Amino acid sequence: MDPKIDEPHVSAPEAAPASAAAATGPGSTRRDFLSLAIRLSGGAMVLVAGGSALGGGAAPKAPGEAYDWEEHLYAYLIDTDKCIGCGSCVRACKTENQVPDGFVRTWIERYVVGMEDSHVDSPNGGIDGFPPLQVGFIATKSFFVPKMCNHCRATPCIQVCPVGASYRTKDGAVMVDGDRCIGCGYCVQACPYGSRFIHPATHTASKCTWCYHRITKGLKPACVTVCPTGTRQFGDLKREGDPVRHAIEHDHVAIMQGHLLTEPQCFYLHLDKEVR
Amino acid sequence: MPEITGYAFPNDVHVTWSLMIVMYPYITGFVAGSFIVTSLYHLFDRQEFKPVARLAMATSFAFLLVASLPLQLHLGQPQRGPFVIVTPHFTSAMAGFGILYSFYLMVLVLEVWFVWRQEIIDRARRSRGLLRAFYAVLALGTYDQSPEAVEIDHRAIKILAGIGLPAACMLHGYVGFIFGAIKANPWWSTPLMPVIFLLSAAVSGIALLIVLYQVFARINRRPVVATCMSALASWLWFFLILTITLELLELIVMAYEKSESWLIISQLLTTRLEFSYVTMQMIVGGLIPLILLAVVVLMNRYLHDRVRNTLATAAALLCLLQVFSMRWNIVIGGQLLSKSLRGLRSPYEPEIFGREGVLMAIALFVAPFVILWVFDRVLGIEEPAGDETSGPARAAGAGGEGAAGGVHPA
Chain A
362 MDPKIDEPHV SAPEAAPASA AAATGPGSTR RDFLSLAIRL SGGAMVLVAG GSALGGGAAP
422 KAPGEAYDWE EHLYAYLIDT DKCIGCGSCV RACKTENQVP DGFVRTWIER YVVGMEDSHV
482 DSPNGGIDGF PPLQVGFIAT KSFFVPKMCN HCRATPCIQV CPVGASYRTK DGAVMVDGDR
542 CIGCGYCVQA CPYGSRFIHP ATHTASKCTW CYHRITKGLK PACVTVCPTG TRQFGDLKRE
602 GDPVRHAIEH DHVAIMQGHL LTEPQCFYLH LDKEVR
Chain B
652 MPEITGYAFP NDVHVTWSLM IVMYPYITGF VAGSFIVTSL YHLFDRQEFK PVARLAMATS
712 FAFLLVASLP LQLHLGQPQR GPFVIVTPHF TSAMAGFGIL YSFYLMVLVL EVWFVWRQEI
772 IDRARRSRGL LRAFYAVLAL GTYDQSPEAV EIDHRAIKIL AGIGLPAACM LHGYVGFIFG
832 AIKANPWWST PLMPVIFLLS AAVSGIALLI VLYQVFARIN RRPVVATCMS ALASWLWFFL
892 ILTITLELLE LIVMAYEKSE SWLIISQLLT TRLEFSYVTM QMIVGGLIPL ILLAVVVLMN
952 RYLHDRVRNT LATAAALLCL LQVFSMRWNI VIGGQLLSKS LRGLRSPYEP EIFGREGVLM
1012 AIALFVAPFV ILWVFDRVLG IEEPAGDETS GPARAAGAGG EGAAGGVHPA
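Respectively, the protein sequence lines represent chains A and B. Counting the first sequence from 1 gives a position; the working numbering is that position plus 361. Counting the second sequence from 1 gives a position; the working numbering is that position plus 651.
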């Protein structure tokens, strides 16, 4: 099954430049692109896996027979040097996951840093990119940092859930069972990264799932798929030769708020000290 | 959309824990605080609290009955609330609520029953028809008022108070734990949090009893016992000193350490929470009652009853404000601060109507007093005049009661 799962992965980088071009265009282009990408990759699945892929597609929340969650352990890698702040990932996430207005599952922060002062912003989570900015100090560096749920291994959000609605799958994703969640909001308070929110329609906790419905079909999360610069990468730590695994093993990777010991599974390359 | 100063994580601009989560610790605070007062009499034989012991227990009971309502009202999926009790996830601090709450409720109901057993029996004997049946059910079919039975009652009360006091402290200390154990939020995350919550619970409980005692005394046309009032004022002063000290110590340590979070917390306190923290919690609700109570305690001998009662009541009312502000500043303040530690959102304004609105909060605060009124009608909160039922046994059990029960000269 593994090589078949890889199939859409290969196509992702090719798709990226197209998405970069669309990044500045109206939302409908993006939506079209995304749905096309989904359909195409769905087609690839059918082609390779045959009719059984249809059955697999019908069971997105519980890994079906075709997908064995014991065989995967996902991790996410963000290279902040590469991010151009186009906001494609935020838009893709919103479309893919119907993220309600005023909330984000992923967002981009812009840092403008000088010796005396620094400025951080993220207008609407960076969904429309970033307008030009004037700061009142001498800026010496400026960069973008994509943020999202860190899918921590020792996560406080799961610890504090009073009914066990928050859980971590065996392949490493931190998820919320919307049918069990009582909407107390304790996990929202406990997440140090601000990546959870109470969904205004369902009144239950909501968060990034690494597009679990996609990754269990061998696709990449929507944000990774559309990233035009390869800032966002998604990998499988259980697979030999995986580029993300390689980076985590051999490069100097950082994590967010390491002092809190939540063991994030989103790793950062070239992370600046200003970022929290 | 709320305005942001600095930079806040996009999801942090929403205040997830509303006014209801402010009301929850406020109400449980009264539960624990008044139980502490009743325990001072029932457990530690502080005879000066005898006039308010029953009132304190009824107050604790009345507030306990509504204590879980604000939580329930806050839930996004209220119909799933029972999941917390039925399928608790034990690593969660919140999962303990069901267990602690039910345990304490059980202990308190038992204790109330033992304390009021004589009245229930008397009323069952006095009344007729349906009312008689009602009291007979309440009496659980035993009409034994023999000295031996009364003695057993008192032993049971003592044991239950012995279990109830730690349970009440746990119930409230645990509320502080819910906040104190959130490492993501530097304004909450301190081991002092449960202690501060517990001490301020004692403050709110005693303060409420000072006010209620005056009201009940006036309604029942009974004199306010001076020793009782002085004792309440002294204990209120004591707990207020401890509370304010710890609340300040928490800040001073943070400021002196120059911790990463202090930069933003100092901004929070001096801008967003300037009124509710500096003005209300520290000055109007802290410093002023501290001075008023100092006068009551230190100049007790020179004070006329009326002056003492007025000063103590004024201080008590301010203390009630102090504790409410403290709950507000913790719960709401902690959410005005973004976990980015770089930004603050504009002050939170609760809705007026609606499930988590101001009117609901007022209703929640008023409900226990209605329950208290019903309690008074059904069982009678004031001890029957002359102490014909429990008096002798109590005197036999504790001794020296007559001396404390009377109205003392100032």
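Heads up, the beta-carbon is just placed ideally off N, CA and C, and yes, glycines get one too. A quick note: this is a predicted structure, and the numbers were derived from the prediction, not measured.
Query, Result
"List the DSSP bridge partners of F660/B.", "Answer is none; F660/B lacks a bridge partner."
"Distance cutoff 8 Å, beta carbons only. Does G1031/B sit that close to anything in chain A?", "no"
"For the beta strand (DSSP E) that W468/A lies in, which residues bound it at each end?", "T467 to G475"
"Does the beta-carbon distance from Q986/B to V666/B come in below 8 Å?", "yes"
"For A500/A, which residues does DSSP report across the bridge?", "G475/A"
"Which chain B residues are close to H512/A, counting only those with a beta carbon under 8 Å from its beta carbon?", "Chain B residues near H512/A: none, gap ~16 Å exceeds 8 Å."
"Could you compute how far the alpha carbon of A800/B sits from the alpha carbon of G684/B?", "30 Å"
"Return yes when the Cβ of G827/B is within less than 8 Å of the Cβ of L849/B, no when it is not.", "yes"
"Restricting to Cα atoms, I'd like to know which of A1018/B, Q769/B, L992/B and W979/B is closest to P1001/B.", "W979/B"
"Confirm, please, whether the CB-CB distance from L843/B to L756/B is below 8 Å.", "no"
"Counting only Cβ-Cβ distances shorter than 9 Å, please list the residues of the region 974–996 of chain B near chain E, keeping chain order.", "Given the protein chain composition of this structure (A and B), no chain E is represented."
"For G1051/B, is the classification buried or exposed, using 16 other Cβ atoms within 10 angstroms of its Cβ as the cut-off for buried?", "Residue placement at G1051/B cannot be trusted, given a pLDDT of 38 that sits under 50; what the coordinates show is reported in the next sentence. Exposed: under 16 other Cβ atoms inside 10 Å."
"Which residue wins for smallest C-alpha separation from V1029/B, given the options L670/B, I916/B and D773/B?", "D773/B"
"Classify N871/B as buried or exposed, calling it buried when 16 or more other Cβ atoms lie within 10 Å of its own Cβ.", "exposed"
"Verify whether the separation of the beta carbon atoms of G486/A and G446/A is less than 8 Å.", "no"
"Going by alpha carbons, who is nearest to A659/B out of V1021/B, A858/B, I829/B and L992/B?", "L992/B"
"Look at the alpha carbon of H480/A and the alpha carbon of S912/B, and state the distance between them as a whole number of angstroms.", "18 Å"
"Whole angstroms are fine: how far does the CA of T530/A sit from the CA of L969/B?", "51 Å"
"Should H740/B be flagged as near chain A, meaning a C-beta pair shorter than 8 Å?", "yes"
"Are the C-beta of V614/A and some C-beta of chain B separated by less than 8 Å?", "no"
"Using the rule of at least 16 other Cβ atoms within 10 Å of the residue's Cβ for burial, across every protein chain shown, is W1024/B buried or exposed?", "exposed"
"If you measure from the beta carbon of W668/B to each beta carbon in chain A, is any gap under 8 Å?", "yes"
"Can you tell me the Cα-Cα spacing of R637/A and Y573/A, whole angstroms?", "26 Å"
"Excluding sequence positions up to five away, which residues of its chain have a Cβ less than 6 Å from the Cβ of W767/B?", "L1030"
"Apart from the five residues on each side of it in sequence, which residues of its chain come closer than 6 Å, Cβ to Cβ, to V474/A?", "K502 and E635"
"Does the region 954–971 of chain B come into contact with the region 857–871 of chain B, if we say contact requires no fewer than three beta-carbon pairs (one atom in each stretch) closer than 8 Å?", "yes"
"Which same chain residues, not among the five before or five after S851/B, have their C-beta less than 7 Å away from its C-beta?", "G680, T894, V974 and M977"
"For L949/B and S881/B, what's the separation of their Cα atoms in angstroms?", "10 Å"
"Could you name the residues of chain A that D663/B contacts, counting a contact when the two beta carbons are closer than 8 Å?", "G555"
"Can you find the residues in the same chain that come closer than 8 Å, C-beta to C-beta, to L972/B, ignoring five residues on each side of it along the sequence?", "M931, V935 and G936"
"Leaving out five residues before and five after S1041/B in sequence, what residues of the same chain have Cβ atoms less than 6 Å from its Cβ?", "Only weak support exists for where S1041/B lies, its pLDDT of 42 falling under 50; the value from the coordinates is given anyway. Counting only Cβ-Cβ distances below 6 Å, and skipping sequence neighbours, we find Q769."
"Let's see if you can read the secondary structure: which residues bound the alpha helix (DSSP H) around G1008/B?", "Run containing G1008/B: none; DSSP gives neither H nor E here."
"Classify P837/B as helix, strand or coil using the three-state DSSP reduction.", "coil"
"Residue ranges of each beta strand (DSSP E) run of no fewer than 3 residues wholly in the region 503–542 of chain A, ordered along the chain?", "527–529 and 535–537"
"Look up F734/B in the DSSP assignment and say whether it is helix, strand or coil.", "helix"
"Quick test of your reading: F505/A and I543/A, contact by CB under 8 Å. State the CB separation rounded to the nearest angstrom.", "Contact flag wrong, Cβ pair sits at about 36 Å."
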